[in-house]
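These notes are about the structure you will find just below.
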Amino acid sequence: MSDIAIIPARALPRKHLPRRGEDHRGFGLIIWLIALLASAPLLVALLSLFTDTGDIWAHLFEFVLPQALFNTLLLVAGVATITAVLGVSLAWFVATCEFPGRSFFGWALLLPMAMPGYVLGFALAAIFEYTGPLQTGWREMFGTALAFPGLGGAGASILTLSLVLYPYVFLITRQAFATQGVRGVEVAQSCGYSPMQGFRKVSLPLARPWIVAGVSLAIMECLADFGTVQLFNFTTFTTAIYRSWYGLFSLQSALQLSLVLVVLVMSALLLEKRFRGASRYTSNAMLNPHRLQPRRAGLISFYCSAVLFIAFVLPAGLILYWSVRTFSLEFDAHYWQLAANTLMLAGMAALLICSAALLLAFAVRNAPSRINRLLSRIATLGYAIPGTVLAIGFFVPVAALSRWVNATLLADSDKVLALQSGLSVILLAYMARYLAVAHGPLDSALLRISPNIEDAAHGMGVSGARLLANVHLPILRPAIVTAALLVFVDVMKELPITLMTRPFGWDTLAVRVFQLTTEGEWHRAALPAIAIVVAGLVPVLVLSRRNN
Amino acid sequence: MLQLAEVSHRYTEQPVLNSVSLTLEAGRIGCILGPSGCGKTTLLRCIAGFESVIAGDIRADDLVLSSIDQHIPPEQRHIGMVFQDYALLPHLTAQQNVAFALHRHPARDARLLAMNFLNRVGLSDLAGRFPHELSGGQQQRVAIARALAPEPQLLLMDEPFSNLDVTLRQNLGQEVRQLLNQLGTTALVAMHDHQDAFGLADDVGVLRAGELLQWGSAYELYHRPADRFVANFVGKGVWLEGRVRSENSVETELGTIVGRMITRFPADTRVDVLLRPDDVVHDDDSPMQAKVLSKQFKGSEFLYELRTLSGAVLLSSVPSHHNHPVGQSIGFRLETDHIVVFAQTPAAQD
Numbered sequence: 001m002s003d004i005a006i007i008p009a010r011a012l013p014r015k016h017l018p019r020r021g022e023d024h025r026g027f028g029l030i031i032w033l034i035a036l037l038a039s040a041p042l043l044v045a046l047l048s049l050f051t052d053t054g055d056i057w058a059h060l061f062e063f064v065l066p067q068a069l070f071n072t073l074l075l076v077a078g079v080a081t082i083t084a085v086l087g088v089s090l091a092w093f094v095a096t097c098e099f100p101g102r103s104f105f106g107w108a109l110l111l112p113m114a115m116p117g118y119v120l121g122f123a124l125a126a127i128f129e130y131t132g133p134l135q136t137g138w139r140e141m142f143g144t145a146l147a148f149p150g151l152g153g154a155g156a157s158i159l160t161l162s163l164v165l166y167p168y169v170f171l172i173t174r175q176a177f178a179t180q181g182v183r184g185v186e187v188a189q190s191c192g193y194s195p196m197q198g199f200r201k202v203s204l205p206l207a208r209p210w211i212v213a214g215v216s217l218a219i220m221e222c223l224a225d226f227g228t229v230q231l232f233n234f235t236t237f238t239t240a241i242y243r244s245w246y247g248l249f250s251l252q253s254a255l256q257l258s259l260v261l262v263v264l265v266m267s268a269l270l271l272e273k274r275f276r277g278a279s280r281y282t283s284n285a286m287l288n289p290h291r292l293q294p295r296r297a298g299l300i301s302f303y304c305s306a307v308l309f310i311a312f313v314l315p316a317g318l319i320l321y322w323s324v325r326t327f328s329l330e331f332d333a334h335y336w337q338l339a340a341n342t343l344m345l346a347g348m349a350a351l352l353i354c355s356a357a358l359l360l361a362f363a364v365r366n367a368p369s370r371i372n373r374l375l376s377r378i379a380t381l382g383y384a385i386p387g388t389v390l391a392i393g394f395f396v397p398v399a400a401l402s403r404w405v406n407a408t409l410l411a412d413s414d415k416v417l418a419l420q421s422g423l424s425v426i427l428l429a430y431m432a433r434y435l436a437v438a439h440g441p442l443d444s445a446l447l448r449i450s451p452n453i454e455d456a457a458h459g460m461g462v463s464g465a466r467l468l469a470n471v472h473l474p475i476l477r478p479a480i481v482t483a484a485l486l487v488f489v490d491v492m493k494e495l496p497i498t499l500m501t502r503p504f505g506w507d508t509l510a511v512r513v514f515q516l517t518t519e520g521e522w523h524r525a526a527l528p529a530i531a532i533v534v535a536g537l538v539p540v541l542v543l544s545r546r547n548n
Numbered sequence: 549m550l551q552l553a554e555v556s557h558r559y560t561e562q563p564v565l566n567s568v569s570l571t572l573e574a575g576r577i578g579c580i581l582g583p584s585g586c587g588k589t590t591l592l593r594c595i596a597g598f599e600s601v602i603a604g605d606i607r608a609d610d611l612v613l614s615s616i617d618q619h620i621p622p623e624q625r626h627i628g629m630v631f632q633d634y635a636l637l638p639h640l641t642a643q644q645n646v647a648f649a650l651h652r653h654p655a656r657d658a659r660l661l662a663m664n665f666l667n668r669v670g671l672s673d674l675a676g677r678f679p680h681e682l683s684g685g686q687q688q689r690v691a692i693a694r695a696l697a698p699e700p701q702l703l704l705m706d707e708p709f710s711n712l713d714v715t716l717r718q719n720l721g722q723e724v725r726q727l728l729n730q731l732g733t734t735a736l737v738a739m740h741d742h743q744d745a746f747g748l749a750d751d752v753g754v755l756r757a758g759e760l761l762q763w764g765s766a767y768e769l770y771h772r773p774a775d776r777f778v779a780n781f782v783g784k785g786v787w788l789e790g791r792v793r794s795e796n797s798v799e800t801e802l803g804t805i806v807g808r809m810i811t812r813f814p815a816d817t818r819v820d821v822l823l824r825p826d827d828v829v830h831d832d833d834s835p836m837q838a839k840v841l842s843k844q845f846k847g848s849e850f851l852y853e854l855r856t857l858s859g860a861v862l863l864s865s866v867p868s869h870h871n872h873p874v875g876q877s878i879g880f881r882l883e884t885d886h887i888v889v890f891a892q893t894p895a896a897q898d
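The listed protein sequences derive, respectively, from chains P and V. Take 1 as the starting number for the first sequence in the working numbering and just add one per residue. Take 549 as the starting number for the second sequence in the working numbering and just add one per residue.
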């Protein structure tokens, strides 16, 4: 070899070597740690398979499992059907038909998302209960001989959850219809089909991937629900887990039930993933909404108004009315404490979760190997896992850790460690559940910072903390605000994790609503509920602004 | 077969179609030419019945399809439509897409007929493929087969070749013409490229901002354009100032141009004269000389841009074995049997 060949190689500046590789191990460690933490409940549930459970399974099989399974499947079937019908029909009308109030309903029909199921549930229960206005009116008209057609726990749970969850189907399906809905009908019409046949034969099959994705999301939320079914005393897996823990103090059976629930959730998750990637059909042509006969347009307006009224206006109005009426009686220093607890918990969770999400997104960006990306997906899987499962999945190992420390390190001292009664379990469970909520906006914002920007900054001698402060943070700031806001609101509304793992004295507004509604004190529950609903409106308005 | 009488349409305030009238005889292929946004698509959608008219009427063989009082729904019009984006159904194979339009036949017949039509567009081998497994040209053929299979009384095609490359659109244009002639189908096609239109259509119209400026044969549009916009839209050319001498001659800086004028003007009127590339003929023996400014190779001919001694810039279409370098002076003469002239001031135009 001649010198000529060597000199340029040696002159090659080090900077041109792949710089990103240098910190691989540090980033990898961060990713492993977060993924492990977030998936700990799943591992705990899985490990419980291999522990000796005695006759717990036999007991579960005989007394709990059949009913929980039947009720849960009934709930899922009912909610899937109603959310599909409501979501698809509303999406079709709003996306493709011209009727009075169309653009208003475009965002207003998302409003029911703001209300947690346990809040809508108690408002509806108050209307339907024996002393409520409907039944009173019924008795005045028909006397007591004719029984009021009650919904029962199953019906009430299905109705409530459907009204809260149809916006998922509506939101996702509307996008499909807006891009191809009218064109599909036109193709069918040009082939001699009526518009109705066109909807059935073209638009509906084309939108199927979106519909299935939306319904699967609704199913996942429905499987995770605890507050609504508990309110209506309808035993599903989440309430069975709660009762095993609180009623029977059997962590083992709670874990076994969690495992079955996780299997159900994963099936819904796979369904959603499978259909999300399905073939897409979009048209760039201008698509004008159908102009309808005034009578039909009026009917559609009426339909949309009716859904909005029952799912949001009526219950929100009632809650507002009751909270105003009970304000002077109910409001006292205790509420300041509840509000302070709620804000503290939500604030801590938002800070912790956003930091973890940012760390995860950064680490994967800098060490984007296949395994790391897979780990990042595992870390954000928690949004699909019901809160009851997460609560128990963190409580068990943290309690075990404390016991181990007490038995070994603190064996000779009179100190006792009880990590499980501190804030660690609740915050970890929040993190597992809402990491995806924060990770989504942060990750997509990070994608917008091209590596060229970083290289350019390096070229100007800016690096390290200054790079972070002057380049990354300003670009990421809106996403960080969004992520923190979303997590904050979600934690405010959260019920099962908070209920099951909050330290003593940490009652929140949601817990208060739950306690009052368990006692049937609908009117008194309105005051703590109103704050939750108002907070819940924030992300809905953000979402609807982004979509319109 | 198809008659439009003073058809108007608007979406909001802005009129999209303004009093459009045209007649298309049975078995003929008509073409609406115009820049994008001129209202071509809207015109087709009105005829198909996807849009309603706010004035005028659309008839097929004297049956009123659309008027202010009457609107036959699209599915009852028996009009086939080929959408610009083909609009094939992604969940159906090519054959199923065609059979989709044959739902009035029993399923077995529909399948056979669909194969028959796929065969006619040369796609019988690919009948089992899904749209995303087909090329753009193949998708277009499926779309055409689907629109033609129910044997509609009228076929509408919206920019059928806009997404295809040049060779493909020329071949497909010829095939479509043959197929339509074989089936005796009347068709109306919206396009923006005049060469595509001339290759396909019997009757051509130019639409600008919702107004149909002219409706006639391709020859008529090219050689007797109704106004400057049509003249510019249907082909290249340069405008020269001139002064009318007599009813068949115009004085310009290139001397007197002789030929039949498409519009009569009194002597001494100031006019603009259109010279098409084929009016300017390369002739080595001609005393008139011009310098080659630039040239474009078009295969069988060159398009030369020439500057005359007087400074006028001309376009000339020259057989491609006459290869002259840029900068060289070459001889030319004008060969005009009829002259396209328009008055210089708009006021004098009528």
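Beta carbons are placed, not taken as given, at the ideal position from N, Cα and C, and that holds for glycine. Model, not experiment: these values are computed from the prediction.
Return the chain-ordered list of same chain residues with a C-beta closer than 8 angstroms to the C-beta of residue i, the five sequence neighbours on each side being excluded.
i: Ile-300 of chain P; result: Phe-93, Cys-97, Phe-99, Leu-292
i: Ile-320 of chain P; result: The question names Ile, yet the displayed sequence has Leu at residue 320 of chain P. Counting only Cβ-Cβ distances below 8 angstroms, and skipping sequence neighbours, we find Ala-526, Ile-530.
Would you please state the rounded distance, in angstroms, between the beta carbons of residue i and residue j? I believe it to be under 8 angstroms.
i: Ala-445 of chain P; j: Leu-468 of chain P; result: Not a contact, Cβ separation roughly 14 angstroms.
i: Thr-508 of chain P; j: Leu-345 of chain P; result: 6 angstroms
i: Thr-589 of chain V; j: Asp-744 of chain V; result: Actually they are not in contact, since the Cβ atoms of Thr-589 of chain V and Asp-744 of chain V sit about 16 angstroms apart, beyond 8 angstroms.
Quick one: what's got a C-beta closer than 7 angstroms to residue i's C-beta in the same chain, skipping five residues either side?
i: Ala-465 of chain P; result: none
i: Val-202 of chain P; result: Gly-184, Val-185, Val-187, Ala-188
i: Gly-684 of chain V; result: Asn-711, Leu-712
i: Glu-330 of chain P; result: Arg-524, Leu-527
i: Gly-608 of chain V; result: Residue identity differs from the one stated: residue 608 of chain V is Ala in this sequence, not Gly. Cβ within range, chain order: Met-549, Leu-550, Gln-701, Leu-702.
Need the endpoints of the beta strand (DSSP E) that residue i sits in, please.
i: Asp-455 of chain P; result: Careful: Asp-455 of chain P lies outside any beta strand (DSSP E), inside the alpha helix (DSSP H) at 451–459.
i: Gly-785 of chain V; result: First-last for Gly-785 of chain V: undefined, no H or E at that position.
i: Asp-820 of chain V; result: 818–823
i: Thr-856 of chain V; result: 849–856
i: Cys-564 of chain P; result: This structure does not reach residue 564 of chain P, given that chain P is present from 1 up to 548, and the question cannot be answered.
i: Met-705 of chain V; result: 702–706
i: Pro-867 of chain V; result: 861–867
i: Met-739 of chain V; result: 734–739
i: Met-836 of chain V; result: That residue, Met-836 of chain V, is in no beta strand (DSSP E); it is neither H nor E in DSSP.
What is the residue span of the alpha helix (DSSP H) that residue i lies within?
i: Leu-720 of chain V; result: 714–731
i: Pro-441 of chain P; result: 424–447
i: His-742 of chain V; result: 742–748
i: Leu-486 of chain P; result: 473–493
i: Ile-371 of chain P; result: 370–379
i: Ile-300 of chain P; result: 294–308
Apart from the five residues just before and just after residue i, which ones in its own chain have a Cβ nearer than 6 angstroms to its Cβ?
i: Ala-108 of chain P; result: Leu-308
i: Ala-615 of chain P; result: Only positions 1 to 548 of chain P appear in the structure, and residue 615 of chain P is not among them; the question remains open.
i: Cys-304 of chain P; result: Phe-105
i: Leu-375 of chain P; result: Ile-31, Ala-35
i: Thr-176 of chain P; result: According to the sequence shown, residue 176 of chain P is Ala rather than Thr. The residues are Ala-207, Trp-210.
i: Val-229 of chain P; result: Ser-157, Thr-236, Thr-239
Residues of the region 185–219 of chain P with a CB closer than 9 angstroms to any CB of chain V: list them in chain order, please. Glu-186, Val-187, Ala-188, Gln-189, Ser-190, Cys-191, Gly-192, Tyr-193, Ser-194, Pro-195, Gln-197, Gly-198, Lys-201, Val-202, Pro-205, Leu-206, Arg-208
Listed from N- to C-terminal order along the chain, which residues in the region 101–115 of chain P have their beta-carbon within a distance smaller than 8 angstroms of any beta-carbon of chain V? none
Mind the definition here: the region 742–760 of chain V touches the region 577–597 of chain V only if three or more C-beta pairs lie below 8 angstroms; say whether that holds. yes
When you compare the region 247–261 of chain P with the region 391–400 of chain P, are there three or more beta-carbon pairs, one atom per stretch, that lie closer than 8 angstroms? yes
At a Cβ cut of 9 angstroms, what residues of the region 357–380 of chain P count as close to chain V, listed as they run along the chain? none
Could you tell me whether the region 352–359 of chain P touches the region 218–231 of chain P, using the rule of 3 or more Cβ pairs below 8 angstroms? no
Does the region 620–637 of chain V touch the region 190–209 of chain P, meaning 3 or more C-beta pairs lie closer than 8 angstroms? yes
Please list the residues of the region 637–654 of chain V that have a C-beta atom closer than 8 angstroms to any C-beta atom in chain P, keeping them in chain order. Leu-637, Pro-638, His-639, Phe-648, Ala-649, His-651, Arg-652
Three or more C-beta pairs closer than 8 angstroms, one from the region 765–780 of chain V and one from the region 716–736 of chain V: is that the case here? no
Please list the residues of the region 593–612 of chain V that have a C-beta atom closer than 7 angstroms to any C-beta atom in chain P, keeping them in chain order. Ala-596, Phe-598
Contact set between the region 678–698 of chain V and chain P, restricted to residues whose Cβ is under 8 angstroms from the partner: His-680, Arg-694, Ala-695, Pro-698
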